[in-house]
Amino acid sequence: MRDDVQIGPTPGLAMALLPLLATTAILILQFFIFSDFTPHIPLAFGIMICALCGRIRGIPWQKMEASMLEVVKLGMPAIFILLAVGMVIGTWILSGTVPTLMYYGFQLVSPSYFLVATCVISALVSLATGTSWGTVGTLGLALMGIGEGLGIPMYLTGGALVSGAFFGDKMSPLSETTNLTPAVCETDLWSHIRSMMATTVPAMIVALVLYMWLGTSYGGQLERSTDIATFRQALDDTFTLSWVTLIPPFVVIGLALAKFPPFPTIFTGAAIGGLVAIGVQGETVHAVFDAMQNGFSSDTGNPAIDALLSSGGVLSMTWVVTLTFFALGFAGMLEAYGTVDAIIKQLMRLIKGRFSLVATSSGTTLAVSTIIGDVYTTLVLPGRLLKGQYQAMGYKASTLSRTIEDNGTLSSPLIPWNMGGGFVSSTIGVPTLAYAPFAFACWLSPLFGLLWALTGRFIPREASEDEAENKPHTPKTDYSSQPTS
Numbered sequence: 081m082r083d084d085v086q087i088g089p090t091p092g093l094a095m096a097l098l099p100l101l102a103t104t105a106i107l108i109l110q111f112f113i114f115s116d117f118t119p120h121i122p123l124a125f126g127i128m129i130c131a132l133c134g135r136i137r138g139i140p141w142q143k144m145e146a147s148m149l150e151v152v153k154l155g156m157p158a159i160f161i162l163l164a165v166g167m168v169i170g171t172w173i174l175s176g177t178v179p180t181l182m183y184y185g186f187q188l189v190s191p192s193y194f195l196v197a198t199c200v201i202s203a204l205v206s207l208a209t210g211t212s213w214g215t216v217g218t219l220g221l222a223l224m225g226i227g228e229g230l231g232i233p234m235y236l237t238g239g240a241l242v243s244g245a246f247f248g249d250k251m252s253p254l255s256e257t258t259n260l261t262p263a264v265c266e267t268d269l270w271s272h273i274r275s276m277m278a279t280t281v282p283a284m285i286v287a288l289v290l291y292m293w294l295g296t297s298y299g300g301q302l303e304r305s306t307d308i309a310t311f312r313q314a315l316d317d318t319f320t321l322s323w324v325t326l327i328p329p330f331v332v333i334g335l336a337l338a339k340f341p342p343f344p345t346i347f348t349g350a351a352i353g354g355l356v357a358i359g360v361q362g363e364t365v366h367a368v369f370d371a372m373q374n375g376f377s378s379d380t381g382n383p384a385i386d387a388l389l390s391s392g393g394v395l396s397m398t399w400v401v402t403l404t405f406f407a408l409g410f411a412g413m414l415e416a417y418g419t420v421d422a423i424i425k426q427l428m429r430l431i432k433g434r435f436s437l438v439a440t441s442s443g444t445t446l447a448v449s450t451i452i453g454d455v456y457t458t459l460v461l462p463g464r465l466l467k468g469q470y471q472a473m474g475y476k477a478s479t480l481s482r483t484i485e486d487n488g489t490l491s492s493p494l495i496p497w498n499m500g501g502g503f504v505s506s507t508i509g510v511p512t513l514a515y516a517p518f519a520f521a522c523w524l525s526p527l528f529g530l531l532w533a534l535t536g537r538f539i540p541r542e543a544s545e546d547e548a549e550n551k552p553h554t555p556k557t558d559y560s561s562q563p564t565s
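To convert, take the position in the sequence shown, counting from 1, and add 80; that gives my numbering.
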């Protein structure tokens, strides 16, 4: 049990925001002065800034540490899932599953429908690998080159690429953001993914229609069709491609539909991928274990494909797992210091009902994404701020987790100084604000979320409809009566 030391009243808003603003300044220094998009150390400084400010207010380190570890504990299921995801990526490449998806995806490329094909191919690859950055940084470069050969403006190709890659990342059970967000909001992975379909699927359908309409203006000859043939030949020469290699994802989908827990489901997908690698690709058991631990190292002879397929393994998740620890720990320290309570009190003035609840969630997430520029903190902090209000008003946490991903994950590549926007722009050589208007799926998805909030569709409730919708929720942290675990 925690000892009986009172934290005291919530600090004033200016004092409460001090640790958050100071950490934001360090993140800006890291991102824009040092040009280093790794937020681990700034967040570590943020933890210690919270501790220092807390000590000034008379809050012992032990109290703040207990809060930090309590929030970190919430992320442990997601962290184990991420480690299983690393195994899946390794064995699914080794087994030929990901190469098969890429091989047949390239068949979708045609001059008139190039923008549609770009969006669909990048979505498929991102779904299969769980990484939007990996898709943009490898396959995306090839698609950008092909689009240039067609005479299609690079900002259009970039918009289609970003729409597909971040759609796949957001909907993939292999994505770290898709696992972290429901953990923070205290809902399960499959409920989170099902909830996101209400906004993401219609946004993608509208985006594809728009890309098809735009693509009709660029029906020239595919001057770089040899690139596609080269990619497909490299895959065909290196892997045995058949329907059997698609068994692992179908197993995962089946277990997910049967509502199996995420970690056993994903680990089973990794194990099935290993069996396919042994049976179809002729790999050894040791090679399967190595792919699960260290990932797959591709040697097709094509640099772009090798860069994309050299991935996976438990060790590849170290960067994400450590960042998750720091982001969760920082959120826990902000809770202990009183920053979270102070912000919630301000937000409560804006929340009058269902629509304002979702709109406030959207605005808060966008504000954190814009100010801090770190996608992981963007996903963690609004979840900690608002999950209690959704519970108090009787709405399921999956609506909150969906809203956070709609406005956090999908806004990341649209903001020039965000980690996502900086990465995409520097990788494809197109300014963020040039391709952002054409990344239709990224900004349409949050709009559909607001539409459903306005109409009441796809906003499920936990409690009965006759309960008071506007039940007040002003959390008060009292560490004198809370257990340690």
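Glycine is no exception: its CB is placed at the ideal position from the N, C-alpha and C atoms.
Since we're looking at a predicted model, the values are computed, not measured.
Legend entry - ILE508 versus GLY392: straight-line alpha-carbon distance, rounded: 23 angstroms
Legend entry - ALA94 to ILE285 span [Cα, whole Å]: Taking the straight line from one Cα to the other gives about 44 angstroms.
Inset, instruction - If I'm right that PRO511 touches GLY500 with Cβ under 8 angstroms, what's the distance once you round it to whole angstroms? - result: About 14 angstroms separates the two Cβ atoms, so there is no contact after all.
Inset, instruction - For SER192, name the three-state secondary structure that DSSP assigns. - result: coil
Legend entry - Three or more C-beta pairs below 8 angstroms linking the region 315-325 and the region 148-165: no
Legend entry - the region 466-475 touching the region 407-418, judged by at least three CB pairs closer than 8 angstroms: No, the region 466-475 does not touch the region 407-418.
Inset, instruction - If I'm right that LEU207 touches MET251 with Cβ under 8 angstroms, what's the distance once you round it to whole angstroms? - result: 6 angstroms
Legend entry - ARG274, DSSP secondary structure in three states: helix
Legend entry - Where SER391 falls: helix, strand or coil (DSSP): strand
Inset, instruction - Could you spell out where the alpha helix (DSSP H) holding PHE410 opens and where it closes? - result: For PHE410, the enclosing alpha helix (DSSP H) has its first and last residue at 398-417.
Legend entry - Whole-angstrom C-beta distance between VAL448 and THR458, which should lie under 8 angstroms: 5 angstroms
Inset, instruction - State the Cα-Cα distance for the pair LEU204 and LEU490, rounded to the nearest angstrom. - result: 17 angstroms
Inset, instruction - Grab me the residues of GLN301's own chain with a C-beta within less than 6 angstroms of its C-beta, minus the 5 sequence neighbours each way, in chain order. - result: Its pLDDT being 49, under 50, GLN301 is placed unreliably in this model, and the value from its coordinates should be taken loosely. Counting only Cβ-Cβ distances below 6 angstroms, and skipping sequence neighbours, we find nothing.
Legend entry - CB contact flag (VAL216, VAL242, <9 angstroms): yes
Legend entry - Selection from HIS366, ILE226, PHE114, LEU337 that minimises the alpha carbon distance to LEU174: HIS366
Inset, instruction - Within its chain, find whatever has a CB closer than 6 angstroms to the CB of ALA158; leave out the 5 residues flanking it on each side and keep chain order. - result: ASN259, LEU260, ALA263
Inset, instruction - Could you spell out where the alpha helix (DSSP H) holding GLN142 opens and where it closes? - result: 141-154
Inset, instruction - Return the bridge partner residues of PHE319 from the DSSP annotation. - result: PHE319 pairs with nothing; no bridge assigned.
Inset, instruction - Give a yes or no on contact between the region 423-439 and the region 142-155, applying the rule of three or more CB pairs nearer than 8 angstroms. - result: no
Inset, instruction - Could you tell me how far apart the beta carbons of ASP454 and LEU132 are, in whole angstroms, since I believe they sit closer than 8 angstroms? - result: With 8 angstroms as the limit, ASP454 and LEU132 do not qualify as a contact, their Cβ atoms being about 21 angstroms apart.
Inset, instruction - Just tell me which of THR198, ILE385, GLY463, ALA371 has its CA closest to the CA of THR267. - result: GLY463
Inset, instruction - Have a look at SER560 and ARG135 and give me their C-alpha separation to the nearest angstrom. - result: Its pLDDT being 34, under 50, SER560 is placed unreliably by the model, and the measurement read from it follows with that caveat. Distance between the alpha carbons of SER560 and ARG135 is about 17 angstroms.
Legend entry - Residue of GLY334, THR535, MET128 minimising C-alpha distance to LEU98: With distances taken between Cα atoms, LEU98 lies closest to MET128.
Inset, instruction - From the DSSP output, in three-state form, read off PHE376 for me. - result: strand
Inset, instruction - Can you tell me which of ALA516, GLU145, LEU437, THR444 puts its alpha carbon nearest to the alpha carbon of THR479? - result: LEU437
Inset, instruction - Measure the alpha-carbon distance for ASP317 versus THR180 and round it to whole angstroms. - result: 12 angstroms
Legend entry - Exposure label - ALA422; buried when at least 16 CB within 10 Å: Buried: at least 16 other Cβ atoms inside 10 Å.
Legend entry - Coil, strand or helix - ARG135 by DSSP: helix
Legend entry - Neighbourhood of THR279 by C-beta distance below 6 angstroms, restricted to the same chain and skipping five residues each side: ASP486, SER525, PHE528, GLY529
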